[in-house]
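J.: Going down the list, the sequences are from chains Y and H.
By the working numbering, the letter at position 98 of the first sequence is numbered 98, and the numbering carries on one by one without gaps.
By the working numbering, the letter at position 214 of the second sequence is numbered 1214, and the numbering carries on one by one without gaps.
In this text, a Cβ means the ideal position worked out from N, Cα and C, and glycines have one as well.
2 protein chains.
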Amino acid sequence: MFNKVLVADDLGSIHLGVLTVIDSLGIKNVQQVQYCDDAYLRIKKGLLDKTPFDLLITDLSFKADHREQKFPTGELLIQEIKNISPDLPIIVYSIEDRLHKVRTLINVHGVKAYVCKGRRGLIELSSAIQKVYNNERYLSPQVSHVLSNKYALEIDDFDILLLKNLANGYSQEEISQQFKKQNIKPSSLSSIEKRLNKLRIQFKANNAIHLVAIVKDIGLI
Amino acid sequence: MFNKVLVADDLGSIHLGVLTVIDSLGIKNVQQVQYCDDAYLRIKKGLLDKTPFDLLITDLSFKADHREQKFPTGELLIQEIKNISPDLPIIVYSIEDRLHKVRTLINVHGVKAYVCKGRRGLIELSSAIQKVYNNERYLSPQVSHVLSNKYALEIDDFDILLLKNLANGYSQEEISQQFKKQNIKPSSLSSIEKRLNKLRIQFKANNAIHLVAIVKDIGLI
DNA sequence: TTTGTTCTTACGGAAACCCGTAACTAATTT
DNA sequence: AAATTAGTTACGGGTTTCCGTAAGAACAAA
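1. If you measure beta-carbon to beta-carbon, which residues of the stretch 1202-1219 of chain H are closer than 7 Å to chain Y?
2. So within the stretch 1018-1057 of chain H, which uninterrupted alpha helix (DSSP H) runs reach at least 4 residues, ignoring any that extend past its ends?
3. Which residues in the same chain as Y151 of chain Y place their Cβ atom closer than 7 Å to its Cβ, once the five residues preceding and following it in sequence are excluded?
4. How would you call D1059 of chain H, buried or exposed, if buried means at least 16 neighbouring beta carbons within 10 angstroms?
5. Using the three-state DSSP reduction, which class does A64 of chain Y fall into: helix, strand or coil?
6. Consult DSSP for Y138 of chain Y and reduce its assignment to one of helix, strand or coil.
7. Roughly how many whole angstroms lie between the Cα atoms of F1179 of chain H and S1171 of chain H?
8. Return the Cβ separation of T1073 of chain H and S1085 of chain H in integer angstroms, given the expectation that the two are a contact with Cβ distance under 8 Å.
9. When you compare the CB of G46 of chain Y with every CB in chain H, is at least one pair closer than 7 Å?
10. Please work out which residues of its chain come closer than 8 Å, Cβ to Cβ, to V1005 of chain H, disregarding the five sequence neighbours upstream and downstream, and give them in chain order.
11. Could you have a look at L1011 of chain H and say whether DSSP puts it in helix, strand or coil?
12. Could you give the C-beta distance for L17 of chain Y and L122 of chain Y, rounded to a whole number, given that I count them as a contact under 8 Å?
13. Look at the alpha carbon of N183 of chain Y and the alpha carbon of I14 of chain Y, and state the distance between them as a whole number of angstroms.
14. Would you report the Cα separation of E173 of chain Y and S187 of chain Y, rounded to the nearest angstrom?
15. Is the separation between the beta-carbon of K164 of chain Y and that of I221 of chain Y shorter than 7 Å?
16. Can a CB atom of chain Y be found closer than 7 Å to the CB of D1010 of chain H?
17. Do you know whose CA, among Y:V111, Y:S94, Y:T51, Y:R42, lies nearest D10 of chain Y's CA?
18. Work out the CA separation of T1051 of chain H and K1101 of chain H for me, nearest whole Å.
19. Express the C-alpha separation of R1137 of chain H and N1197 of chain H in angstroms, rounding to a whole number.
20. Assuming the contact rule is C-beta atoms closer than 8 Å, V115 of chain Y and L105 of chain Y should be a hit. Round their C-beta distance to whole Å, please.
21. From which residue to which residue does the beta strand (DSSP E) around V1092 of chain H run?
22. Which class does N1206 of chain H belong to by DSSP, given the choice of helix, strand or coil?
23. What are the boundary residues of the beta strand (DSSP E) that V1115 of chain H is part of?
24. What residues from chain H crowd round S24 of chain Y, counting only those whose CB sits closer than 7 Å?
25. Look at the alpha carbon of Q177 of chain Y and the alpha carbon of A1208 of chain H, and state the distance between them as a whole number of angstroms.
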């Protein structure tokens, strides 16, 4: 079983439960932090001391407080960890269950398991740790269908960028101008209209306002 | 100190921490549930048995799963509890820190304390329980300014309703029609335009899309 | 090269939104 | 009762969005 595990989660009330699970798996060397920056430093220190961690369990969202943070979110932490310790397996343990987030974490950032906090969260976390130890992947049931190809919402980065600009109050004309300046491929007003029309149909939205409200709700932007 | 306490929270990992706190305050009779509906039934049963609870600690958001729920959120639960047991003090323990929510819970639903889950959540929860026992109110520091009058954003229910309709894809014309049918006071297209204009200025939004994005971000709708 | 497909761009008209001005109503003040 | 004020409604015109149609550009297949 894993030897040295780091847990990053800002909620004190969560820690106790997680530690119980880890303990029940016979892992003795567990450290916990409440800030991503601390997690980063601990992992770096482990590398320098030649006693590296062999598992990271982290949340995604960390409440901001007075302490200035270099990595305000788990996602940014994970990204950075990949640079300094690419082989360290990572389990995300988060309340977040938006499919787009999960897909990015698995496919882009290469996390090994994604466990949704919930009623059965701790049980699933236990399974996840064992799976990951056996070099398998684990996904909570409610997000497990993320990787099935049929759920391939053909929404690309351009769409996301477009929607973000829209949500930031820019008119379609302004967005067109910006895209031209930044050399982003389809930049004509007409193309932007067309793309938005496609998105409206895809999300069954009545108009642009509705569209932005919907994609915000499902966490696409 | 309180005698019989009910804790409603769907995250297994939270329970352990909360129970530790309650235990350290010398409260022996604690029950916990993972669904609002169960909380409602327990409280009702306590009343029938003449052994009522004298404190409820509840989360706000409960993940939906296969079980059909009468009360899907803590807010609805609280509302109903007020009917069957108006004097039962309630502490909300939630990750939610949107001021509008907190204000509604305190002022409309009369909850006695609002504790934000976070790094110091359990410590604050402990204070909250003691305060409430002494019939005082408790608010986590990050939301404590909610009740200071100077933060009186003059945004009323009409504004909220308007914004929700907008976010649901209705045109201003359609909203006007609806309001006329429902006998909601200012219903002319002109008034709706004017009100939206006020909101746009208030929130520094460029257009309606931007406005909806902003109020969604701050959790107003 | 030709054909066909897909993507991008262009244009035009109807609808919706934005924004000012002004009239009308209701409630309050004097 | 007259005047002031706040709130609602009405209207006009400029801008933006919406939604067709269609022409041009890029690319692959035959």
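T.: Short version:
1. From the stretch 1202-1219 of chain H, only A1205, N1206, N1207, A1208, I1209, H1210, V1212, A1213, K1216 have a Cβ closer than 7 Å to chain Y.
2. Complete alpha helix (DSSP H) runs here, min 4: 1036-1048.
3. Bear in mind that the predicted position of Y151 of chain Y carries a pLDDT of just 36, short of 50, making it too unreliable to give a figure here.
4. That one is buried.
5. Coil, per DSSP.
6. Looking at Y138 of chain Y - three-state DSSP - the assignment turns out to be strand.
7. About 12 Å.
8. For T1073 of chain H against S1085 of chain H, the beta-carbon gap comes to about 18 Å, at or over 8 Å, which does not count as contact.
9. Chain H places no beta carbon closer than 7 Å to that of G46 of chain Y, leaving this residue out of the contacts.
10. Contacts found: I1022, I1027, N1029, V1030, Q1031, F1053, D1054, L1055, L1056, I1057.
11. Three-state DSSP puts L1011 of chain H in coil, outside helix and strand.
12. As written in the sequence, residue 17 of chain Y is Gly, which differs from the Leu given in the question. Rounded, the Cβ-Cβ distance is 5 Å, consistent with contact.
13. If you take the alpha carbons of N183 of chain Y and I14 of chain Y, they lie about 46 Å apart.
14. One C-alpha to the other measures close to 10 Å.
15. With respect to the 7 Å criterion, K164 of chain Y and I221 of chain Y are classified as neighbours on the basis of their beta carbons.
16. Closer than 7 Å to some Cβ of chain Y, the Cβ of D1010 of chain H qualifies, so yes.
17. Relative to D10 of chain Y, the option among Y:V111, Y:S94, Y:T51, Y:R42 whose CA is nearest is Y:S94.
18. Whole-angstrom Cα-Cα distance: 31 Å.
19. Going from the Cα of N1197 of chain H to the Cα of R1137 of chain H covers about 37 Å.
20. Actually they are not in contact, since the Cβ atoms of V115 of chain Y and L105 of chain Y sit about 12 Å apart, beyond 8 Å.
21. 1090-1094 is the extent of the beta strand (DSSP E) around V1092 of chain H.
22. Secondary structure of N1206 of chain H (DSSP, three-state): coil.
23. Taken as a continuous stretch (DSSP letters only), the beta strand (DSSP E) holding V1115 of chain H covers 1113-1116.
24. Correct list: empty, because the minimum Cβ distance to chain H is about 13 Å.
25. In this structure, the straight-line span from the alpha carbon of Q177 of chain Y to that of A1208 of chain H is close to 20 Å.
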